[in-house]
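Reading the sequence shown from the start, the letters are residues 485 to 804 in our numbering.
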Amino acid sequence: MSQTASPAAEVAAPAHLAPAVETVGLRKEYGRKVALHGLDLTVQPGEVFGFLGPNGAGKTTTVKILLGLVAPTAGAARIFGRAAGDPAARRQVGYLPENFRFHDWLTGNALLEFHARLAGMTAEQYRERIPAVLDLVGLSGRGDDRIRSYSKGMTQRIGIAQAIVHEPELVLLDEPTSALDPVGRREVRDLIRFLTSRGTTVFLNSHLLSEVELVCDRVAIVDHGRVVRGGRLDDLVGGGAELRITLDRIDAAALELLRKFGAVVDVSDCTVTLSTGALDVAPRVAEAVFRAGYRLYALTPSHQSLEDVFLSLVQSTSDR
485 MSQTASPAAE VAAPAHLAPA VETVGLRKEY GRKVALHGLD LTVQPGEVFG
535 FLGPNGAGKT TTVKILLGLV APTAGAARIF GRAAGDPAAR RQVGYLPENF
585 RFHDWLTGNA LLEFHARLAG MTAEQYRERI PAVLDLVGLS GRGDDRIRSY
635 SKGMTQRIGI AQAIVHEPEL VLLDEPTSAL DPVGRREVRD LIRFLTSRGT
685 TVFLNSHLLS EVELVCDRVA IVDHGRVVRG GRLDDLVGGG AELRITLDRI
735 DAAALELLRK FGAVVDVSDC TVTLSTGALD VAPRVAEAVF RAGYRLYALT
785 PSHQSLEDVF LSLVQSTSDR
């Protein structure tokens with residue numbers, strides 16, 4: 485995807501004192517079923533925010549409330565300080581749903597013109613903007629082709645294009661890389677970074693946790709309608725460092741030595757897994773076992789991933 489912007493895109497979105505997204509005590513009931521239990525979220529302007537959770541956790545309901553499509557039973561949802569259902573708030577939002585269907589007899593240009601007009605753009609504005617957006621998403625030269633001729637990946641790209649054609653200040657992307665190959669996923673990540681570099685806020689919902697880990701500034705993990713963990717990505721995955729140490733033998737003296745550097749969490753044959761909290765102890769561990777007369781066959785550092793954190797939290801809430 486190219487990052488050639490139209491003249492209109494040269495001006496970054498204005499700074500806001502209010503959060504880009506804010507929910508306070510958000511509750512939604514469908515009859516006797518409670519989809520959201522007092523959900524609290526804050527998304528700052530200009531950041532990439534990952535909204536994660538298993539199926540049925542309340543993600544879709546939350547997004548529908550933010551878009552003004554569903555009214556909450558209690559609590560409040562605001563977009564840049566305005567009520568989520570306010571037309572002025574909705575004009576600031578671009579949205580790519582997970583399962584979208586476009587009129588496939590339209591050309592890419594016609595589809596983008598349709599959505600630009602819905603967003604209130606003038607003919608002069610969208611005629612200048614559409615070629616730039618097609619270039620951004622890697623569809624330059626394909627705007628006159630009918631959508632029915634697009635591949636699955638191209639259809640996903642035109643979906644992203646319609647979400648950003650009116651230059652919204654907040655973009656909600658639901659599984660934006662689900663139909664893309666690894667190259668396409670990287671291009672979407674680059675596009676997201678480009679958008680945020682110009683002041684756009686990106687609210688990202690994805691099951692591809694490895695993708696979220698590569699692009700998001702902060703995340704919230706939601707389960708059973710509640711946020712069970714949230715914060716900066718570095719803080720969530722920064723702990724849990726482990727070393728896997730393979731020696732020629734594991735005896736009581738070896739375990740006693742290794743416990744000086746962290747907690748022993750597993751012993752298997754001649755391999756010890758050590759929870760250290762940080763990986764910078766690895767050289768000292770290697771030196772210590774060598775000085776103690778052990779042969780060091782392998783020392784493998786690892787950090788817990790976002791997937792590890794996610795699965796641990798979801799499992800713990802399901803066990804309650």
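In this text, a Cβ means the ideal position worked out from N, Cα and C, and glycines have one as well. All values derive from a computational prediction rather than experimental measurement.
Assigned exposure category for residue i - 16 Cβ within 10 Å defines buried
{"i": "His599", "result": "buried"}
{"i": "Arg641", "result": "buried"}
{"i": "Thr784", "result": "exposed"}
{"i": "Lys543", "result": "buried"}
{"i": "Ala496", "result": "Since pLDDT at Ala496 reaches only 37, below the 50 mark, its modelled position is unreliable, and the value read off the structure follows with that caveat. Exposed is the call here."}
{"i": "Thr809", "result": "This structure leaves residue 809 out entirely; the chain is present only between 485 and 804."}
{"i": "Phe687", "result": "buried"}
{"i": "Val773", "result": "buried"}
{"i": "Gln576", "result": "buried"}
{"i": "Glu444", "result": "Beyond the ends of the chain as shown, which are 485 and 804, falls residue 444; an answer cannot be given."}
{"i": "Ala493", "result": "The predicted model places Ala493 with a pLDDT of 35, which falls under 50 and marks its position as unreliable; any figure quoted below should be read in that light. Under this definition Ala493 is a buried residue."}
{"i": "Glu653", "result": "buried"}
{"i": "Gly509", "result": "exposed"}
{"i": "Arg585", "result": "exposed"}
{"i": "Gly537", "result": "buried"}
{"i": "Ala499", "result": "Low local confidence applies: a pLDDT of 45 at Ala499 is under 50, so the model's placement there is unreliable, and no value is given."}
{"i": "Val798", "result": "buried"}
Proximity winner among the options, relative to residue i (alpha-carbon distances)
{"i": "Met605", "options": "Leu783, Ala555, Glu651 and Pro767", "result": "Glu651"}
{"i": "Ser694", "options": "Leu741, Leu595, Val518 and Arg673", "result": "Arg673"}
{"i": "Phe533", "options": "Asp732, Asp719, Ala766 and Asn689", "result": "Asn689"}
{"i": "Val617", "options": "Leu501, Gly592 and Leu654", "result": "Gly592"}
{"i": "Asp719", "options": "Ala704, Leu550, Ala766 and Thr730", "result": "Ala704"}
{"i": "Val505", "options": "Gly552, Val793, Ala541 and Ser752", "result": "Gly552"}
{"i": "Arg733", "options": "Pro538, Gly777, Ala725 and Thr507", "result": "Gly777"}
{"i": "Glu697", "options": "Ala555, Asp750, Gly569 and Gln788", "result": "Gln788"}
{"i": "Glu531", "options": "Glu612, Ser681, Val621 and Gly643", "result": "Ser681"}
{"i": "Leu717", "options": "Leu790, Leu758 and Val748", "result": "Leu790"}
{"i": "Ala519", "options": "Leu595, Val554 and Pro660", "result": "Val554"}
{"i": "Thr507", "options": "His521, Glu582 and Ala594", "result": "His521"}
{"i": "Asp701", "options": "Asp707, Ala645, Thr685 and His691", "result": "Thr685"}
{"i": "Ala594", "options": "Ile614, Glu582 and Gln609", "result": "Ile614"}
Sequence-distant residues of its chain with Cβ nearer than 6 Å to residue i (five each side left out)
{"i": "Arg632", "result": "Asp588"}
{"i": "Ala541", "result": "Val706 and Asp707"}
{"i": "Ser786", "result": "Glu726"}
Beta-ladder partner(s) of residue i, from DSSP
{"i": "Ser759", "result": "Glu726 and Ala747"}
{"i": "Glu506", "result": "Thr526 and Arg562"}
{"i": "Leu731", "result": "Leu780"}
{"i": "Ser752", "result": "Thr755"}
{"i": "Val532", "result": "Val686"}
{"i": "Glu513", "result": "Val518"}
{"i": "Thr591", "result": "Arg630"}
Contacting residues, own chain, Cβ-Cβ under 7 Å from residue i (five flanking each side not counted)
{"i": "Gln528", "result": "Pro503 and Ala504"}
{"i": "Leu731", "result": "Ala738, Cys754, Val773, Tyr778, Arg779, Leu780 and Tyr781"}
{"i": "Asp628", "result": "Thr591 and Asn593"}
{"i": "Ala489", "result": "Because the pLDDT at Ala489 is just 43, under 50, the model does not fix this residue reliably, and the value given afterwards should be weighed accordingly. Here the set comprises Ala616."}
8 Å CB neighbourhood of residue i in its chain, flanking five on each side removed
{"i": "Arg626", "result": "Gly592, Leu618, Tyr634 and Met638"}
{"i": "Ala647", "result": "Gly578, Tyr579, Leu580, Val655, Leu656 and Leu657"}
{"i": "Lys744", "result": "Ala772"}
{"i": "Leu795", "result": "none"}
{"i": "Pro491", "result": "The predicted position of Pro491 is uncertain, since its pLDDT is 34 and thus under 50; a value taken from the coordinates is nonetheless stated next. For Pro491, where only same-chain residues beyond five positions count, the Cβ hits under 8 Å are Glu612."}
{"i": "Ile644", "result": "Leu580, Val621, Leu657, Pro660, Val672 and Leu675"}
{"i": "Ala762", "result": "Ala725"}
{"i": "Gly569", "result": "Gly552 and Ala555"}
{"i": "Asp524", "result": "Thr507, Val508, Gly509, Leu510 and Val711"}
Quiz item: Which ranges would you report for the beta strand (DSSP E) in the stretch 763 to 788 if only whole runs of at least 3 residues count?
Solution: 780 to 786
Quiz prompt | Residue ranges of each alpha helix (DSSP H) within the stretch 543 to 582, 4 or longer | solution = 543 to 550 and 571 to 574
Quiz prompt | Start-end ranges of the alpha helix (DSSP H) lying completely within the stretch 631 to 719, minimum 4 residues | solution = 636 to 648, 666 to 681 and 693 to 699
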